[in-house]
Each structure stands twice: as C-alpha cells, then as structure tokens.
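Counting with the numbering used here, you get residues 248 to 320 for the letters of the sequence shown. Ideal Cβ positions, reconstructed from N, Cα and C, are used throughout, including at glycine. Owing to the predicted nature of the structure, the values given are computational and were not obtained by experimental measurement.
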Amino acid sequence: DLLEQKGKEKISGGVLEDNNLATMRVRSDSTTATITAADRVIARGITWAIKNVIQIDAKDTMLEFVLEKGVAA
Numbered sequence: 248d249l250l251e252q253k254g255k256e257k258i259s260g261g262v263l264e265d266n267n268l269a270t271m272r273v274r275s276d277s278t279t280a281t282i283t284a285a286d287r288v289i290a291r292g293i294t295w296a297i298k299n300v301i302q303i304d305a306k307d308t309m310l311e312f313v314l315e316k317g318v319a320a
C-alpha cells in the first residue's frame with residue numbers, strides 16, 4: 248500500500264529540486280523486519296529513500312515506511 252503526498256518543488260543552487268513523500272505499509276515478517284533507513288525501495292519504477300520505519304500496531308503485524316523520492320541516494 249503506497250500513498251504519495253503532494254510534492255514540493257524548490258530551487259537550490261540554481262537547480263530545480265522535486266521532492267515527494269509517501270508512506271508504504273507492509274506486513275511485518277522476517278524479511279521486512281530487517282529493512283532500515285539505509286535501504287531503498289523501488290515502487291512504481293521509482294527509487295525511494297527510506298526516511299523512517301514505524302511499527303504501527305501493538306501485535307507487530309504491520310510496518311509503515313516513510314519514503315522520499317527526488318533526493319540523493
């Protein structure tokens with residue numbers, strides 16, 4: 248489940264930067280539990296940087312990743 252937020256464009260050093268944030272929810276298992284902010288996600292053909300990993304329920308069945316595209320990987 249990937250939910251994109253509206254992007255923000257700004258000019259930095261004479262270069263247009265387009266950063267978008269998104270949240271992605273996945274089921275927690277032995278593979279997804281090892282994912283950290285040092286990893287990247289490829290979704291919809293775009294590479295996203297992981298900004299944060301959040302356990303969203305008390306039973307540890309779902310994880311939420313805060314993602315950002317348009318930043319240096």
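Sub-8 Å separation of residue i and residue j beta-carbons
i: residue 268; j: residue 310; result: no
i: residue 279; j: residue 273; result: yes
Selected residue, minimal CA-CA separation from residue i, among the options
i: residue 300; options: 292, 294 and 287; result: 287
i: residue 294; options: 317, 307 and 277; result: 317
i: residue 306; options: 290, 285 and 275; result: 275
i: residue 283; options: 292, 312 and 251; result: 312
Close beta carbons around residue i, own chain, < 7 Å, minus the five adjacent residues each side
i: residue 248; result: 271 and 272
Residues near residue i in its chain [Cβ-Cβ closer than 6 Å; skip 5 each side]
i: residue 290; result: 249
i: residue 252; result: 268
Ordered list of beta strand (DSSP E) runs contained in the segment 278–310, each at least 3 residues: Correct list: 287–290 and 293–302.
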